[in-house]
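Asks: Numbering (the working numbering), first residue to last: 50 to 221. No residue lacks a Cβ here, since even glycine has one placed at the ideal position from N, Cα and C. Dumping the structure here so I can ask a few things about it.
In structure tokens:
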């Protein structure tokens with residue numbers, strides 16, 4: 050049983066480290082999104098995929114170890130929680146403390162990743178709304194009616210209303 054607990058603590062510690070790596074990448078992504086640097090964003094996303102792959106492998110290993118622990122303790126793996134396991138280790142305070150510490154570290158890292166990713170999601174949605182707004186503006190310029198301006202030869206020289214090619218002037 051002690052060996053299984055050590056394995057669980059080790060896997061959770063490695064998983065915490067990977068989530069902290071993922072958090073670093075997510076935080077690195079925020080200014081890149083704001084700047085609109087798509088190439089840099091693609092590089093960071095590729096790095097994130099590698100980290101997520103490692104997290105998935107560690108998660109599988111954690112589930113295997115947790116299943117073994119549940120079997121040894123004669124508990125249902127579907128209902129046994131890590132917090133329950135921490136409470137059951139009251140007779141072994143050293144392992145209980147290590148497990149509680151790594152559990153808190155993992156929970157904090159996962160929470161922070163979710164928070165930063167939520168923030169990045171909002172930034173990306175805002176950027177997409179701006180692109181859509183710009184596209185609609187460009188389309189509407191060419192959909193406007195022509196003016197009825199004629200030259201001396203009675204030829205129509207009308208242009209589209211508002212389509213003088215100057216675009217939006219923020220200084221006005």
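#1: Under the rule that 16 or more other beta-carbon atoms within 10 Å means buried, what is residue 164, buried or exposed?
#2: What ranges does the alpha helix (DSSP H) occupy inside the region 126-201, keeping only unbroken runs of at least 4 residues that lie completely in it?
#3: Do you know how far the Cα of residue 100 is from the Cα of residue 79?
#4: Is the region 140-158 touching the region 102-122, taking contact as three or more C-beta pairs under 8 Å?
#5: For residue 221, I'd like the list of residues in its chain whose CB is within less than 7 Å of its CB, leaving aside the five on either flank, ordered along the chain.
#6: By how many angstroms is the C-alpha of residue 93 removed from the C-alpha of residue 113?
#7: Suppose the cutoff is 6 Å on Cβ atoms and the five residues either side in sequence are ignored; what does the same chain contact list for residue 117 look like?
Replies: On the basis of the coordinates in this document:
#1: Walking along the chain shown from the start, residue 164 turns up at place 115. Exposed is the call here.
#2: 131-137, 142-192
#3: Position 30 of the chain shown holds residue 79. Position 51 of the chain shown holds residue 100. Each residue's Cα considered, the two are about 18 Å apart.
#4: no
#5: For the purposes of this step, residue 221 is taken as the residue at position 172 of the chain shown. Summary for residue 221: the model assigns pLDDT 47, below 50, so the residue's position carries little reliability, and this model does not support an answer.
#6: Numbered from its first residue, the chain shown carries residue 113 at position 64. Numbered from its first residue, the chain shown carries residue 93 at position 44. Rounded to the nearest angstrom, the two C-alpha atoms are 30 Å apart.
#7: What you label residue 117 is simply residue 68 of the chain shown in a count that begins at 1. Within the same chain, residue 117 has close Cβ partners 53.
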